[in-house]
Amino acid sequence: MRKKVLDKKFFDRSVLEVAPELLGKFLVRKYRGHEHASMIVETEAYGAAHDKASHARSGKTARNAPMFDGPGTIYVYLTYGMHWLLNLVVDKKEYPSAVLIRGLEGVTGPARLTKKLQIGKGLNRKTLGKASGLWVEDRGVVIEKSDIKKTPRVGVDYAGVWAKKPYRFVLKK
DNA sequence: ACGATGATGAAC
DNA sequence: TTCATCATCGTA
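Throughout, my numbering is defined as the position within the first sequence, counted from one, plus 15.
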């Protein structure tokens, strides 16, 4: 089986290009000496230009600083006081955009997958790769455009017109 | 349908 | 320094 670790170049593009392309790729997490790989089946794009649903909507802050660190950065944050959410930063440095990983094969829900893969604040602002223990692999799964369903993003009703944009990408079974 | 639970950002 | 808000989930 062909295996290729996605590098910085893959993430150094528009978030609207990268988010759908992550479907079918494998998220690999190494902890306690074991590697756990699961296929990504659901993503959401944040930060395209002046996205009012993005954490970067009010400029750079202590929380969203990782979004400005450039492609391949890991952005993990706490939401609702109890859930960690995983984002992969894309596009060029100082241009905040990120892809929220919402679901893996067999693990649906952005907070569930971080719990299962033991992803927490310790990974925040680290870089994707074997050194950090979290990376993404292309294992040769081919996804047709017709296999991708686009829908509005979840939980962002407050964002006005931005709440309606079809920036959520789901892999059909 | 709703409570848990705490960091965040904006107002005062 | 206070307050409403949240990229959610489990239980009812």
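Where is the CB? At the ideal position from N, CA and C, for every residue including glycine.
It should be emphasised that the depicted structure is a prediction, and the values quoted were computed from it without experimental measurement.
Residues that DSSP places opposite residue i in a beta bridge
| i | result |
| --- | --- |
| A63 | Note: A63 sits in no beta bridge, so no partner. |
| D153 | K19 |
| H70 | Per DSSP, none; premise fails for H70. |
| Y13 | Residue 13 is absent from the model: the chain starts at 16 and stops at 188. |
| L31 | Note: L31 sits in no beta bridge, so no partner. |
Straight-line gap, residue i to residue j (C-alpha atoms, nearest Å)
| i | j | result |
| --- | --- | --- |
| G121 | T58 | 14 Å |
| K23 | P86 | 6 Å |
| K188 | S161 | 11 Å |
| T142 | V169 | 26 Å |
| F83 | N139 | 13 Å |
| V91 | K18 | 26 Å |
| K108 | V185 | 27 Å |
| D153 | W177 | 31 Å |
| G124 | K179 | 20 Å |
Cβ distance (whole Å) where residue i is taken to contact residue j below 8 Å
| i | j | result |
| --- | --- | --- |
| D27 | D106 | 7 Å |
| L101 | I55 | Actually they are not in contact, since the Cβ atoms of L101 and I55 sit about 11 Å apart, beyond 8 Å. |
| P111 | S73 | P111 to S73, Cβ: 11 Å. No contact. |
| L128 | G118 | 7 Å |
Local Cβ density within 10 Å of residue i, reported as buried at 16 or more and exposed below that
| i | result |
| --- | --- |
| G96 | exposed |
| A113 | buried |
| R183 | buried |
| E50 | exposed |
| E36 | buried |
Beta-carbon proximity of residue i to residue j, cut-off 7 Å
| i | j | result |
| --- | --- | --- |
| I163 | G39 | no |
| K75 | A174 | no |
| A60 | V30 | yes |
| R44 | L149 | yes |
| T88 | V104 | yes |
| A126 | H98 | yes |
| L21 | V156 | no |
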